[in-house]
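Enquirer:
In this note's numbering, the protein residues as written are 951 to 1441.
(1) Three-state secondary structure (DSSP) at residue 1135?
(2) Return the Cβ separation of residue 1413 and residue 1355 in integer angstroms, given the expectation that the two are a contact with Cβ distance under 8 Å.
(3) In this structure, does DSSP put residue 1244 in helix, strand or coil?
(4) Does the region 1238 to 1246 come close enough to the region 1284 to 1297 that 3 or more CB-CB pairs lie under 8 Å?
(5) Can you tell me which of 1169, 1070 and 1108 puts its alpha carbon nearest to the alpha carbon of residue 1134?
(6) Kindly identify the DSSP beta-bridge partner or partners of residue 1366.
(7) Express the C-alpha separation of residue 1359 and residue 1423 in angstroms, rounding to a whole number.
(8) State whether the region 1380 to 1389 contacts the region 1336 to 1352, with contact taken as three or more CB pairs (one from each stretch) at a distance under 8 Å.
(9) Using DSSP with H/G/I as helix, E/B as strand and the rest coil, what is residue 1090?
(10) Verify whether the separation of the beta carbon atoms of residue 1014 and residue 986 is less than 8 Å.
(11) In three-state DSSP terms, what is residue 1324?
(12) Excluding the 5 residues flanking residue 1258 on each side, which residues of the same chain have their C-beta closer than 6 Å to its C-beta?
(13) For residue 1039, which of helix, strand or coil comes out of DSSP?
(14) For the beta strand (DSSP E) that contains residue 1117, what are its first and last residues?
(15) Would you report the Cα separation of residue 1071 and residue 1017, rounded to the nearest angstrom?
(16) What would DSSP say about residue 1225, mapped onto helix, strand or coil?
(17) Label residue 1353 either buried or exposed according to how many other C-beta atoms from any shown protein chain fall within 10 Å of its C-beta, with 16 as the threshold for buried.
(18) Whose CA, out of 1019, 1088, 1165 and 1050, lies closest to the CA of residue 1040?
(19) In the structure shown, what three-state DSSP assignment does residue 1021 receive?
(20) Just the C-alpha distance for residue 1251 and residue 1273, rounded to the nearest angstrom, thanks.
(21) For residue 1379, which of helix, strand or coil comes out of DSSP?
(22) Beta carbon of residue 1121, beta carbon of residue 1131: below 8 Å?
(23) Would residue 1067 and residue 970 qualify as a contact pair, given that the criterion is a beta-carbon distance under 8 Å?
(24) To test your reading of the DSSP string, which unbroken alpha helix (DSSP H) runs of 4 or more residues are found completely within the region 1248 to 1287?
(25) Can you give me the C-alpha to C-alpha distance between residue 989 and residue 1232, rounded to a whole angstrom?
(26) What are the start and end residues of the beta strand (DSSP E) that includes residue 1008?
(27) Figure out for me which residue from 1230, 1376 and 982 has the closest Cα to the Cα of residue 1417.
(28) For residue 1297, which residues does DSSP report across the bridge?
(29) Which whole-angstrom value is the C-beta distance of residue 1051 and residue 996, which I expect to be below 8 Å?
(30) Am I right that residue 1054 and residue 1411 are in contact with their C-beta atoms under 8 Å? What's the rounded C-beta distance?
(31) Does the beta-carbon of residue 974 have 16 or more other beta-carbons within 10 angstroms, so that it is buried, or is it exposed?
(32) Would DSSP call residue 1353 helix, strand or coil?
(33) Pull up the distance between the alpha-carbon of residue 1074 and that of residue 1357, whole angstroms please.
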């Protein structure tokens, strides 16, 4: 039984663990899902999180834990913002589990910890559980683990998971090698070919596409429980529990506050084709007065009634090009609404959906036409076209804020644009774009009427006023379109 953790007092710091790896592909996601499932099975409420800008892992966390998983990114967000998000979304939970990104110390650069798992672990003062892929290793594992333990004195470690051991003999050699390090907790997990997570060309299958079945989650949990003592791990976590530094919680966090205005109905595309949203973006919109109404561009033939704004997030529309094209009524309604100045914000896959469609090579017409608001055609490439952190500065006033507004986010896509017809002069790029190294990149972000769209996934936590401005623009649109009715849009 897990009695010591089942009934935490409200003023007691929440026990939590950061699951980190020595490198990408060492098994972080599988171990994370296994631990989440094992904790949930005991009756504990788990607060799930993901370090970095990834959308797919949080979806799987949510399907296992039964509640949304939230991104914590030290480059996109400030330290107070990360601490505030963590505190907010841990409310009511018994334990938190944070899945890291890449290797423990990997982040935005080679000499900075910005954007790394280590940075988040230190900001939240949580212990790290290090996952080590031990294929082909024996005594060398001690040198590797020792290096990780001593590289940054600001980190605390809960223990080490020796993942993908080949046999009991191999496991015994590994534990013997680690014995001089005096680790408080270790466990060994054996190789199992049945534990593969379903994937495709751009990564794991999303939760919205049914990426994980219940039997797979059960398999993960059973695999972990056979090799690891969950009770002793939880005891170690609880012993390592500390408060987040009070000095970092002194009013520097700018909370949006709950809007008392009449709700503004904003439609949000949500299905297998459009499922990449930072949960914080949706929450911040709601706090500024948005009533989010979800719909499916794959299955719904019209937009939700009475909407005052539209948010098209990212995803994999190219995998559903034919179905999206067949839904002609919705495509034409979105185009008509955009032409009528409905505030529309779209990013990555949502931006592509607003273009003419996916082309084969550089043909003049798409095989499956989409909305056609922007004149671009989309070419899918075999190799990645863009990956990395981005900071944008608005070069003109938009639905996300006035010129000069800075917002941070992330870019990742395998497509590029080409424009086989003469450029519409009313469509202009409005993002000045810089990467994590502050190098200036090609301009991006396109406007037409009251539509703003681009490849970059923006995080409203880096600039809550962007969400506030979007809601205000939606409210203004509603006021302008009410014949003979006036209202103060700032109410």
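We put the beta carbon where it would ideally sit given N, CA and C, even for glycine.
Expert: Let me lay it out:
(1) coil
(2) 6 Å
(3) strand
(4) no
(5) 1108
(6) 1329
(7) 22 Å
(8) yes
(9) helix
(10) yes
(11) coil
(12) 1214, 1215, 1424, 1427 and 1428
(13) helix
(14) It is not in any beta strand (DSSP E) - residue 1117 carries neither H nor E in the DSSP assignment.
(15) 22 Å
(16) strand
(17) exposed
(18) 1019
(19) strand
(20) 12 Å
(21) strand
(22) no
(23) yes
(24) 1271 to 1276
(25) 27 Å
(26) Taken as a continuous stretch (DSSP letters only), residue 1008 belongs to no beta strand (DSSP E), being part of the alpha helix (DSSP H) at 1006 to 1015.
(27) 1230
(28) 1404
(29) Not really, about 19 Å apart at Cβ, beyond 8 Å.
(30) About 23 Å; that fails the 8 Å criterion.
(31) exposed
(32) coil
(33) 23 Å
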